[in-house]
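Student: As they're listed, the protein sequences go chains U, P, Z, H and W. To convert a position in the first sequence, counted from 1, into this note's numbering, add 773. To convert a position in the second sequence, counted from 1, into this note's numbering, add 18. To convert a position in the third sequence, counted from 1, into this note's numbering, add 220. To convert a position in the fourth sequence, counted from 1, into this note's numbering, add 1082. To convert a position in the fifth sequence, counted from 1, into this note's numbering, add 24. Beta carbons: idealized from backbone N, C-alpha and C, even for Gly. Here the structure is a predicted model, which is why all the values come from computation and not from measurement.
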Amino acid sequence: MSHAVHSPARPDVSSLTPALEVRGLGKSFHIGGLFSSQAVRALHRVDLTIGRGEIVALVGESGSGKSTLARCVARLEKPSEGAILVDGVEVLKRDRFQASREFRSQLQMVFQDPFGSLNPAHRIEHFLRRSLTIHGKGGTRQRGSEEQTRRRLEELMTTVGLQADMLDSYPHELSGGQRQRVAIARALAVEPNVILADEPTSMLDVSVRIGVLNLMRKLRDEQGISMLYITHDLASARYLADRTAVMFAGEIVEEGESLDLLANPAHPYTQLLVSAVPDPARAGSYDPIHRAQLRQAVMASASCAFENDPKQRCSSEEPVRHQVGDPLNRHWVRCHLYRPRAGAGGHALATEPEPGD
Amino acid sequence: MTVSQTSFGSHEPVLDVKNLTVKYIGDSRSTTAVNDVSFSIGAGEVFGLAGESGCGKSTIANSIMRLLKDPAKIAAGSISFGGKDVLAMNQDELRRFRWQDVAMVFQSAMNSLNPVLTIGEQMADIFTTHAGYPRKEALRRAAQLLELVRMDPARLKSYPHQLSGGMRQRAVIAMTVALKPSLLILDEPTTALDVVVQQEIMAQIKDLQRELGFSVLFITHDMSLMVELSHRMAVMYGGRIVETAKAHDIYTAPGHPYTQALMGAFPPLTGPRIPLKGLPDGVKFRNIPDLAGIAPGHFVAPFDADAEAAVLEGAAQ
Amino acid sequence: MRFILRRLGFYLIAFWASITLNFLLPRFMPGDPVSRMFARSQDRMQPEQLEALRKLLGVDNRPIWEQYAGYLQNILTGQMGVSITRFPTPVTEVISSQIGWTLLLGGTALVIAAVVGNLLGILAAWRRGSALDSALPPVLVFIGSFPYFWLAMGALYLFGVVLGWFPIRHAFTDGLEPAFTAEFIGDVAAHLVLPALTIVLVSIGGWMLGMRNTMIATNSEDYITMAEAKGLRPGRIMLRYAARNAMLPSVTSFGMGLGFVVGGALLTEVVFAYPGVGYQLLNAVQGLDYPLMQGLFLTITAAVLLANFLVDILYVRLDPRVRSN
Amino acid sequence: MTSVILQQPTEAKAARKTNRGFIHGLITNKKAMTGMAIMLVFIVLALAAPVLFPDDPSRITGMASLEPDSEHWLGTTAKGQDVLALTIHGARSSLLVGLTVGFASTFIGILVGLASAYFGKFIDEALSLLTNVFLLLPGLPLLVILAAFLPPGLGTVILVLTVTGWAGSARVLRAQALSIRSKDFVAAAVVSGERAGRIMFREILPNMASIVMGTLLACVIYGIGAQAGLEFLGLGDVSTVSWGNNLFWAGNEGALLTGSWWVFIPSGLCIALVAFALALINYAVDEVTNPRLRKIRKPATTERGAAQ
Amino acid sequence: ATGNKSGGTDAAANASAFLTIPREDMGTFVQNFNPFAPTVNPMVQQSIYESLLVFNPAKGNSVPWLATDWKAADDGKSITFTLRDGVKWSDGQPFVADDVAYTFELQKKLKGGYEYLDGVTAQGNKVTFNFNKPWSPALYDVGQLSILPKHIWSALADPEKDANAKPVGTGPYTEVDNFQAQSFVLKKNPNYWQPDKQKIAGIKMLAFAGNDGANLAAANGDVDWAPQYIPNIEKTFVSKDKDHRHYWFPPTGAMINWQLNTTKAPFNDVDVRKALSMAVDRDQVTKIGMSGYAQPADCTGLSGNYETWKNTQVKDNCTWTKHDVQQANDLLDKAGYPKGPDGKRTLKDGKPFEFKISVGATSSDWLSVANVISQNLAEVGVTAKVDSPDWAAVVAGYEKGDFDSGIVWSANDPSPYKYFNTTMGSSSVKPVGTKASDNYHRFGDPKADALLSDFAAATDQSRQKDIANKLQEEYNDVAPVVPLFSGPEWGAYNDTRFTGWPTQDNPYATLSVRAPTTVLVLTSLEPRK
Ligand SMILES: Nc1ncnc2c1ncn2[C@@H]1O[C@H](COP(=O)(O)OP(=O)(O)OP(=O)(O)O)[C@@H](O)[C@H]1O
Ligand SMILES: Nc1ncnc2c1ncn2[C@@H]1O[C@H](COP(=O)(O)OP(=O)(O)OP(=O)(O)O)[C@@H](O)[C@H]1O
Ligand SMILES: [Mg+2]
Ligand SMILES: [Mg+2]
Ligand code: NI
């Protein structure tokens, strides 16, 4: 009775401009106030491409820079370097100082916390209606089209699987899953090409998580919206995303077709991550010795798995990509010899950080 | 009613909770957070308590430690620990009972360390209060504890904010085993932690348990984790226990629709992608009846299978 | 250390802004000190002498920016000039002759109010719903609602005049020679009771309620529950865990208060004829005595900044969290 | 994650209370009701003053220093003015000044606090510095200087008190706005394309209702108290009838020395009552929005968790 | 500060007690006894330094002090003082004529003024003041200046900047003792020239930040002499000990005028000034505004200080300083300021008859006065608004001449010359916009000018009186200002410990502690036996 999920036939990605392309994105945070010049490097030369109608998962440990990437792309933060292309247009050049409404109508974001991302002071209708009004969607720009707007609102609610009468409710009257659906509907109201979803289910109760994931998949299938799905739950990335990228200390270290990537993790960090996912089906519990080795490999990999492959070049100075397995899977891994500069994220692995001053 | 349950470890239960009912008395209305819950934990047993958020798990844990604060009120039931009635203890007995007999890792272990005291001071407090050690000796003991959880004893001088989440968690775990209690309550000890760290912490707890032989009440809503770790477990819903059995039994044959939904909510790491269905929004179970046995050691609250299925279908569209 | 340095930067800017304001404000006032003196003397001065007096007092007629440059230079070299209303006494002498009493009165009142208020707050929060918690706050709030001078005058007449329990004026009995003898110190203490008590009365409610509320918030923190679960003794939890953390906001207020003590308690000084800089400042303002005004402003600003700076340092000691960010 | 969920509903509830529950909470709160009742009495008296005492209350008559009797319920001053009339007319200016100062300084505080929190960076640094400088400035001399500099009148008093009073409220409001600024719903509003002004006033502000209310009340108390203090020193507008001026004249005419308590007591008591009433409402607001502060019931049974 | 309520019965205690005097406008003292300081410590000019003569306004006589005699030259261009023999400075040095000459030199150098003074010559025990014109008002000007010891002051580099912490003077109590911010003591001058008159042990000054504290001390019996304003003195002070507590408020202060800016309409109209004056109920003004302590003015404009100068003819036939609403109304109607149907008058240009009365905010008594006036004026249809900013702003308006009207002090010399010169002398009128230091109302009268210059040249007292009579007639005609009342010289005392106070029956001085006459009191008091 179970059947493999059918991936919709996607147009040849290479022939079209991708929905979202990130090139060499970097971000440093200045910490301290007026009189301090300390900086934390949260992102470093991140390249990422999301095709039309594609879901790409971004996984990685806590603090590796996933949210920072999303916030930079959503232009909630100003990237220090790099380019962001939406529909082939360099948005950082087009709207230098502030994100334009045009940009906002192309790209929307769904936040991690459904309890925090809906203003408790407003009714559900407010969020959707504002999104429509700002971008002139759903007939809000025409005169006397209240009827049409109303219909659009109800339609949105139905799309995300909510009753239209919930429009009059306040956020606190809704359950977490329902709230997250409202947040998604709010993004949809703008009719964007790309949705960035930053851990959209991590705050939700386990039993309702899967429903939201299913909804996102449905939107992709039916409306062809591209998505960046950020999580640190590998299993859900595998469940939802076409491709998965693994982030480590502000850099993407491995990327590939989801099933392939999880089946054959190439980077030590990915391996560590995969091994840490609790899985009741796994035979036998976890092996501390194996873990210690993995950790060692992540912390100080002294060798690269591709060192002896004549077709692949290794370097400890610049990040070199190695092709993994079948080129069709577009699975690559960064050379293990290369080490991200210190000062970047990586809280979890560094279980013994330097004592604070 | 009391459900007689076989304990995993010894036959003598360390903790016996009977018909516990806890209410939060509000200004206008009261909620029953825990409703007529009974379970017991044997010596050396790891007992899991799973369930959706807000179903009363932490309330049970706090009742056992008698840490409930206003407006919570234990309305009925009994809690006995090693034969002693916990609810009848006076202040002095209670103080000795706490931490010596039962220790607890709080749900928000990250925040359960006093931000302005060093880890060392907070650990030493336990020894100076309960064992009457002088400060120096207490600190030496604390250093040993840190080594037990594989932390550098130099960390005794650190303040909580100087430690990563995982290290804070470990420090708290080290504290809990300071007095070698017979029961450890772990209230979602790894939420808010990275999977990698989560795994390490859980492994550490298992090691300690193997070494020290205490019983564990393990609370989470992460079913995969729970199944991996516990011997026996109970699934809660809306203040009631809806299913209890050996962990593996529940994993393989969940009886209650809610348990099934929980189990179905975790996509697997291997095999083909299969569409999964969680508990649809808006599905609520009400008036859950008492447990009934469906297999040896496997108890499920009876439910109307057809009606529930219809509800599930309907809500899922 | 970085934290401290950064604060230092802030303080320097704030200091500059304040002294600049101190410079500008008096110069925006209408009239000049000599006309004012003349108005006050009500023709006991000869009008022909006003010009000479202006010259004598050094009323500055340079362009404002030159005056400002001179002013900054004087501040940097610590020269505050000569008071106009108290000519030819130097400003430093006018201030130093009174600042001691100001500090004694303000400091005593502040310390008593803060210590007692905070202790009451701690106890009230720890024993929620007890008589202390439910009865005392409204009473203190009510007392604190009275206009200060009204309360002070009432207390002066009742305890000083009618009952005669306390002296009704000055910092010590006139004619006593200040000395470190028991008699003199006792005399000073007796004179301090009413002025300090009235200040304490109107301010203690704020301290108590502030402490109580933060303490209640702190009491529901997880680490308090944890401390309880650890089986620690209640007294230890209350002081070392709850109060220690709840104290932090109070420390900030205390620092602010400490700085402003230097400004003097004008109303108290007026009602109890207590010597101090508060009335001096009022006089300086009304007599357009720029040098004295600036000197006092400078002292107050410096004291406030210093007190805040000390509190910042103390804060770093008390709250390790601020050290790292 | 779960811990956050646990907290969120209460927070959401607290915010919702800005609409309905907040008002309800205040109405059922004894402190709030007492406070509001007292305030109501004063406001009604202030409004009705011209009807109750149509004559100029400061009109000087021959009947000096009369003790309270049936004709002059609160006696007369040394100048023969009716104390009751002065007190009730005084409520007008005192309440007017208090309320105006309260609203004005809260308003500035909101503007500065919101702008500071929303724009952050340089604007925040600059505004915070400004706020801190104003906090550092010794208030009283500033009051005295401004009072001397500007022409006398209620306007001046209001301006002076606002200038010295806004900084405190700005600091409080900034802190709160900052914490709301970091909430996801603000980012969500940004992402949906809302403009700055709308975010500040429609998204952030409604969630600060209770703290704005608290600040407002504190500012009103400050306004009334500071006006009285200024006037007592003779630095206010001496020609208006207000509680502070009544006390100034009472002191001037030696009301205490001559034992004319009826001249001295009423205005002081009125200030205290108004301040007390406002403080009560303020504490009630605190209690309603922060359930932890609410009065707790006596334990009913022995079985109570962790009694101390 | 425990009171000495019980004191007074013990003669020995009284003999060693200090005469305690409050100072209500100095919250604290600083050790500054420099007589050139604009705000000197109390008693510097009263008990430490002395002048050549002392004018007592209560009796209108002059008491020879450091000079035993003086004589004006016939041409009125010089005065010669004969100094008293045997006077010594408190450091034992003899007091010589050079000291006097030096004092004036220093005074002119540091403070200016004395434009009429050409030079001072000292010869033996005679000092001659030479003027550049006949100038009779000079007598009191030079006669009442505190004389300083040359041997001390000439040694100072910056005499005006010296704190003079240990003053050396000829006065009865010169030795500063136990100096504190809140009080200090002046003890006997060991070398005083009238040792038999130093009957009290010393003077103790107390600092108070306002009247309230000083009044409380007085009411409590903690001070012997209370020179400050005490409200309702009968009740608050006297009633507590009727036998020992007394007060005497002779009207010897300056005339307090209501000055109308005569450069502005309608105040340039003498009828308006007189009508407004008639509308003012001076009894009410003094009773309510001044607690009944002041004496209403008459149309000579002279205060009680000039009782002997008053022209009885003018004084007995006053019209425009008497309260008369009817006549005020008539006069205004006649002068062309008609009353409208709402009872309010309009000016000639049709604007409402409205103006401001400016008073410094700190002068609460004058504020009450202004309020009463404003109430009075309402009865004749004139709207006067009381404007009470800070004194600085008020005075700035006076000086520039852009004020409407104000309540203003006036000159209070032994001779009425200055009063008339500053109320109607053209020489004191400055154009609007130029800083004026007196004659703020800017009124000059050629007729008065002629009389004034005659007066200055007259050396003979009876001639001066004649001219003064004419000046009063002129004043009565032109009403340059609206005189309100004679400023009272407050003074109250408690004779439990010291006796010999000036009283109405024995007016050898006033009860002021800041006047030249104070030294007369200090040398008359003696401990109660
Ligand atoms: N505003 C900021 N100021 C300074 N440092 C920041 C800021 N925001 C993020 N960082 C730092 O940047 C790094 C990346 O943070 P980010 O939030 O992107 O991680 P993440 O992968 O989303 O983690 P999580 O899974 O916990 O959400 C971290 O080291 C973090 O400390
Ligand atoms: N202080 C309180 N006042 C009122 N109701 C409360 C209080 N604390 C908890 N509750 C209610 O009691 C119920 C059980 O709460 P509890 O914290 O035990 O849940 P939980 O199972 O631990 O949830 P989670 O998985 O989120 O930690 C919830 O419905 C909650 O709303
Ligand atoms: Mg994140
Ligand atoms: Mg819980
Ligand atoms: Ni390689």
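1) Exposed or buried, what is Lys334/W when buried is set at 16 or more other beta-carbons lying within 10 Å of its beta-carbon?
2) Looking at Ser840/U and ligand 3, is the gap between the Cβ and the nearest heavy atom below 7 Å?
3) Relative to the C-alpha of Leu277/Z, which candidate in Gln299/Z, Ile295/Z, Asp252/Z has its C-alpha closest?
4) Output the residue ranges of the alpha helix (DSSP H) runs that lie fully inside the region 441–529 of chain W and measure 4 residues or longer, sorted by chain position.
5) Between which two residues does the alpha helix (DSSP H) holding Leu1317/H run?
6) Please tell me whether, using a cut-off of 7 Å, the distance from the CB of Cys1087/U to the nearest non-hydrogen atom of ligand 2 is below it.
7) For Thr1182/H, report the span of its alpha helix (DSSP H) as first-last.
8) Hey, could you find the ends of the alpha helix (DSSP H) Lys839/U is sitting in?
9) With DSSP as the reference, identify every bridge partner of Lys36/P, one or two as the case may be.
10) Which of the residues in the region 847–858 of chain U, read from start to end, lie with their CB under 9 Å from any CB of chain H?
11) Give, in chain order, every residue of the region 1329–1350 of chain H whose Cβ lies closer than 7 Å to some Cβ of chain W.
12) From this set, Ser412/W, Tyr499/W, Ala359/W, which residue's C-alpha is nearest Pro290/W's C-alpha?
13) For His1154/H and Val1165/H, I'd like the C-alpha separation in whole angstroms.
14) In the DSSP output, which residue or residues are listed as bridge partners for His803/U?
15) Which same chain residues end up closer than 8 Å to Leu807/U when comparing Cβ atoms and leaving out the 5 residues on each side of it in sequence?
16) Since Ser873/U and His908/U should fall inside the 8 Å C-beta cutoff, what is the C-beta to C-beta distance between them, to a whole number of angstroms?
17) Run through the region 301–379 of chain W for me and flag every whole alpha helix (DSSP H) of 4 or more residues, listed as ranges in chain order.
18) Spell out the partners DSSP gives Asn80/W in its beta bridges.
19) Taking the straight line between their C-alpha atoms, what separation do you get for Met13/P and Gln227/P?
20) What whole-angstrom Cβ distance do Leu1302/H and Gly1107/H have, given they're in contact under 8 Å?
21) Mind checking if Gly889/U is an interface residue toward chain H, Cβ cutoff 8 Å exclusive?
22) Once the 5 residues before and after Leu340/Z are set aside, which same chain residues still bring their CB inside 6 Å of it?
23) For the region 340–362 of chain Z, list every residue whose C-beta sits within 7 Å of some C-beta in chain P, in sequence order.
24) Pick helix, strand or coil for Leu197/P, following the three-state DSSP scheme.
25) Could you tell me whether the region 433–441 of chain Z touches the region 396–403 of chain Z, where touching means 3 or more Cβ pairs closer than 8 Å?
26) Taking 8 Å as the threshold (beta carbon to beta carbon), is Thr1371/H in contact with chain Z?
27) Measuring CB to CB, does Thr260/W end up less than 8 Å from Glu74/W?
Tutor: A quick look at the data gives this:
1) Locating residue 334/W in the fifth sequence gives position 310, where the first residue counts as 1. Classification for Lys334/W: buried.
2) As a working mapping, residue 840/U is identified with position 67 in the first sequence. The answer is yes for Ser840/U.
3) For the purposes of this step, residue 277/Z is identified with residue 57 of the third sequence, where counting begins at 1. Checking every option, the nearest Cα to that of Leu277/Z belongs to Asp252/Z.
4) DSSP assignment within the region 441–529 of chain W yields the following whole alpha helix (DSSP H) runs of 4 residues or more, N-terminal first: 441–448, 470–481, 485–502.
5) As a working mapping, residue 1317/H is identified with position 235 in the fourth sequence. Run containing Leu1317/H: none; DSSP gives neither H nor E here.
6) Here residue 1087/U refers to the residue found at position 314 when the first sequence is read from its first residue. In this structure, ligand 2 has no non-hydrogen atom nearer than 7 Å to the beta-carbon of Cys1087/U.
7) Taking the first residue of the fourth sequence as 1, we reach residue 1182/H at position 100. Run containing Thr1182/H: 1165–1201, per the alpha helix (DSSP H) assignment.
8) Here residue 839/U is taken as the residue at index 66 of the first sequence, counted from 1. For Lys839/U, the enclosing alpha helix (DSSP H) starts and ends at 839–846.
9) Position 18 of the second sequence, counted from the first residue, corresponds to residue 36/P. Its beta-bridge partners are Ser96/P.
10) From the region 847–858 of chain U, only Ala847, Arg848, Leu849 have a Cβ closer than 9 Å to chain H.
11) Cβ contacts with chain W: Gly1333, Asn1334, Glu1335, Gly1336, Leu1339, Thr1340.
12) Within the fifth sequence, residue 290/W is the residue found at index 266, counting from 1. Shortest Cα-Cα distance from Pro290/W to any of Ser412/W, Tyr499/W, Ala359/W involves Ala359/W.
13) For the purposes of this step, residue 1154/H is taken as the residue at position 72 of the fourth sequence. For the purposes of this step, residue 1165/H is taken as the residue at position 83 of the fourth sequence. Rounded to whole angstroms, His1154/H to Val1165/H spans 8 Å at the Cα level.
14) Sequence index remark: in the first sequence, residue 803/U carries index 30 (1-based). Paired residue(s): Ala812/U.
15) In the first sequence, counting from the first residue as 1, residue 807/U sits at position 34. Note that Leu807/U has pLDDT 47, beneath the 50 cutoff, so the model's placement of it is unreliable and the number below is only indicative. Shown here for Leu807/U: not one same chain residue has a beta carbon closer than 8 Å to its own, the five before and five after excluded.
16) Counting from 1 along the first sequence, the entry for residue 873/U is found at position 100. Counting from 1 along the first sequence, the entry for residue 908/U is found at position 135. Actually they do not touch by this definition, with Cβ atoms about 11 Å apart.
17) Here the runs fully enclosed are 336–340, 349–359.
18) Locating residue 80/W in the fifth sequence gives position 56, counting from the first residue. BP columns for Asn80/W point to Asn85/W.
19) Lying outside 19 to 335, the shown extent of chain P, residue 13/P is not represented and no answer is given.
20) Counting from one through the fourth sequence, the residue named residue 1302/H turns up at place 220. Counting from one through the fourth sequence, the residue named residue 1107/H turns up at place 25. Before going on, a small fix: residue 1302/H reads as Val here, not Leu. Actually they do not touch by this definition, with Cβ atoms about 20 Å apart.
21) Translated into positions along the first sequence, residue 889/U becomes position 116. With 8 Å as the cut-off, Gly889/U counts as an interface residue toward chain H.
22) In the third sequence, the residue the question calls residue 340/Z occupies position 120. Excluding five sequence positions before and after Leu340/Z, the CB atoms of its chain that fall closer than 6 Å to its own CB belong to Met428, given in chain order.
23) Here the close residues number zero.
24) Here the question's residue 197/P lines up with position 179 in the second sequence. In this structure, Leu197/P counts as coil in the three-state DSSP scheme.
25) Because the criterion of three Cβ pairs below 8 Å is not met, the region 433–441 of chain Z and the region 396–403 of chain Z do not touch.
26) In the fourth sequence, residue 1371/H corresponds to position 289, counting from 1. No, no contact with chain Z.
27) Counted from its first residue, the fifth sequence places residue 260/W at position 236. Counted from its first residue, the fifth sequence places residue 74/W at position 50. Here Thr260/W is not near Glu74/W, since their CB atoms are 8 Å or more apart.
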